[in-house]
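Q: In our numbering, the protein residues as written are 394 to 697.
Built from N, CA and C at the ideal position, the CB exists for glycine as well.
Before I ask anything, let me first share the structure, which is written out below as structure tokens.
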Amino acid sequence: MPPIIDMEIEAPLSEAALRAQEIGKGRPGTPMGESLDRPEGYGFANYGTVFGGGSTGSATKGFGPDELDRRFAAIVADMDRANIEYGFMCNMLNSEIGDIHRRHPGRFKLFALIDPMDGMRGVRELERLVREDGANGFRVTSLGNCLPASDRRYYPLYAKCVELGVPVKIYSSMNYANDRPYDLGHPRHLDQVAIDFPELKICAGLGGWPWVPDMVGLLARHPNLYCDTSAHRPRYFAQPGAGWEMFMQFGNTRLQDKIMIGMSRYLFGCPFEELIEEYSRLPLKEKVLEKWFYHNAKRFFEGD
Numbered sequence: 394m395p396p397i398i399d400m401e402i403e404a405p406l407s408e409a410a411l412r413a414q415e416i417g418k419g420r421p422g423t424p425m426g427e428s429l430d431r432p433e434g435y436g437f438a439n440y441g442t443v444f445g446g447g448s449t450g451s452a453t454k455g456f457g458p459d460e461l462d463r464r465f466a467a468i469v470a471d472m473d474r475a476n477i478e479y480g481f482m483c484n485m486l487n488s489e490i491g492d493i494h495r496r497h498p499g500r501f502k503l504f505a506l507i508d509p510m511d512g513m514r515g516v517r518e519l520e521r522l523v524r525e526d527g528a529n530g531f532r533v534t535s536l537g538n539c540l541p542a543s544d545r546r547y548y549p550l551y552a553k554c555v556e557l558g559v560p561v562k563i564y565s566s567m568n569y570a571n572d573r574p575y576d577l578g579h580p581r582h583l584d585q586v587a588i589d590f591p592e593l594k595i596c597a598g599l600g601g602w603p604w605v606p607d608m609v610g611l612l613a614r615h616p617n618l619y620c621d622t623s624a625h626r627p628r629y630f631a632q633p634g635a636g637w638e639m640f641m642q643f644g645n646t647r648l649q650d651k652i653m654i655g656m657s658r659y660l661f662g663c664p665f666e667e668l669i670e671e672y673s674r675l676p677l678k679e680k681v682l683e684k685w686f687y688h689n690a691k692r693f694f695e696g697d
């Protein structure tokens, strides 16, 4: 078995990152000064209703510098034990990208999160983050800003990614925040982006569930489109009726070079090794499993 590349590792949250995360989970759009308090369990709070209280990794406090250092060191030690070469990290601030790279060189891929409403200022900031702080790409989270990935306000940012030679990761799944459209992350939004930017390397995060047939079709249609399995427990992929039947069939055959694993360990509260074992038990050919674990992500981030 080769080393592993994990497409979703959660950063321990600094106090500033936690504040930003809480703001990002507020009401869609810009609330007015006279906006009323929201009903209990509404919006992102509905995740607690659907999943029984939220993930075991949900943060309740941000960490100071010393505790952050300790927690990052623990993550890296866990990665070493599980033979994880590097991982895509989420939930850090743009301002933290350079420092994380300096403290843990080569261990994390860190994508900038830019507001498409910032226009050319955002484009210039993306370029600065890539060139000066080592940002490895651009991240689109339509779940937060309610702008699907095909919205033209993202296009200057996509063009800059092509120019800089960096990839983009796009939230591609149903959401349970019941104050915004459930299909903001529908895979159909990837199609127009891939049509307009054929040179742009795209990762569809979260595998497109429950629109798995659409995701499978688009992976076959666009050469530079990949997807990952973030936020899904691997033991369910082969479970009859779970909705992953086409994903498993084509992921083991025609699309074996397009799928990358995202373990999302923080969601499940278990060691890397437990999730690796669950992937290893899936009905995948050995050479295909190695591609899912490592080779596809290596090509996505570093090229052939």
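1) Work out the CA separation of Asn568 and Asp430 for me, nearest whole Å.
2) From the DSSP output, read off the bridge partner residues of Tyr479.
3) By Cβ distance below 8 Å, which residues in the same chain neighbour Ile493 in space, the five residues on each side in sequence not counted?
4) Please return the same chain residues whose Cβ sits closer than 8 Å to the Cβ of Ala698, not counting the five positions on each side in sequence.
5) Drop a sphere of 10 angstroms on the beta-carbon of Lys684, count the other beta-carbons inside from all chains shown, and report buried for 16 or more, exposed for fewer.
6) When the Cα atoms are used, what is the spatial distance from Ala528 to Glu518?
7) Please list, in chain order, all residues of the same chain as Asp584 whose beta carbon is under 7 Å from its beta carbon, the five residues on each side excluded.
8) Taking DSSP as the reference, what is the three-state secondary structure of Val561?
9) Give a yes or no on contact between the stretch 591-600 and the stretch 535-555, applying the rule of three or more CB pairs nearer than 8 Å.
10) Using the C-alpha atoms, what's the distance from Gly426 back to Glu478?
11) Report the option in Asn538, Arg628, Phe630, Leu677 whose CA atom is closest to the CA atom of Thr646.
12) For Ser428, write down the residues that DSSP places opposite it in a beta bridge.
13) Rounded to whole angstroms, how far is the Cβ of Asp544 from the Cβ of Pro580, which I believe are closer than 8 Å?
14) Would you mind sorting Tyr659 into buried or exposed? The rule is 16 or more other CB atoms within 10 Å of its CB.
15) Using the rule of at least 16 other Cβ atoms within 10 Å of the residue's Cβ for burial, across every protein chain shown, is Gln632 buried or exposed?
16) Would you mind working out which of Tyr551, Leu618, Leu406, Lys651 sits nearest Leu682, comparing C-alpha positions?
17) Which residue wins for smallest C-alpha separation from Ala467, given the options Gly417, Ala413, Ile402?
A: Per the coordinate set shown:
1) Spanning the two alpha carbons is a distance of roughly 22 Å.
2) Answer is Ile398.
3) The beta carbon of Ile493 sits closer than 8 Å to the beta carbons of Ala404, Phe465, Met482, Met485, Phe501, Leu503 from its chain, once the five residues preceding and following it are set aside; these are given in chain order.
4) Because the chain in this structure spans residues 394 to 697, residue 698 falls outside the shown range and cannot be described.
5) buried
6) Linking Ala528 to Glu518 through their CA atoms gives a straight-line distance of about 11 Å.
7) Leu611
8) strand
9) yes
10) 48 Å
11) Leu677
12) Its beta-bridge partners do not exist; DSSP assigns none.
13) Asp544 to Pro580, Cβ: 15 Å. No contact.
14) buried
15) exposed
16) When only C-alpha atoms are compared, the closest one is Lys651.
17) Ile402
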